[in-house]
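Worksheet for the structure shown next.
Residue numbers (this note's numbering): 1 to 147.
Shown next, in the form of structure tokens:
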């Protein structure tokens, strides 16, 4: 069943009424990454990485049968696939407080996330053959091997 006429609802730290308590470096990383997502994939959301997402049965079945990613761009591909197939998603404000002692490496993770967005863009384009070629390369030659 739909959620007030939407197939999905996602929490967003980027909306005006959201309460967000986080460090400067993480805030900068989140905003920068969101800009990259908007530029590469034209997604209208102010925050694709907040973990709270709720989808109806139809959207969930569609996601499961059409996903190709298990990397850092998993959330983004879900939203990209749904929006490009006519599903309606609402973004709502959230309350977010960073957990102290987070293990995310802000030096390495943003690079991996960026490369995942590039890969996602290629997978959903006429240039998907580049991804197939890359996947067949030996592991030691792949970019992520050095990161």
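Here a beta-carbon is modelled for each residue, glycine too, at the ideal position from N, C-alpha and C.
It should be emphasised that the depicted structure is a prediction, and the values quoted were computed from it without experimental measurement.
Between residue 76 and residue 10, the gap from beta carbon to beta carbon reaches 9 Å or more. With respect to the C-alpha of residue 94, the residue from 127, 46, 81 and 119 having the closest C-alpha is 46. With 16 or more other Cβ atoms from the protein chains shown falling within 10 Å of its own Cβ, residue 73 counts as buried.
Nearest in C-alpha terms to residue 8, of all of 50, 98, 80 and 54, is 54. At the C-beta level, residue 83 and residue 43 come within 9 Å of one another.
Annotation for residue 141: no beta strand (DSSP E) segment contains it, and DSSP assigns it neither H nor E. Residue 27 places its beta carbon 9 Å or farther from that of residue 97.
DSSP places residue 100 in the coil class of the three-state scheme, outside both helix and strand. Around the C-beta of residue 104, fewer than 16 other C-beta atoms lie within 10 Å, and the residue is accordingly described as exposed. The C-beta of residue 87 has 16 or more other C-beta atoms within 10 Å across all chains shown, which makes the residue buried.
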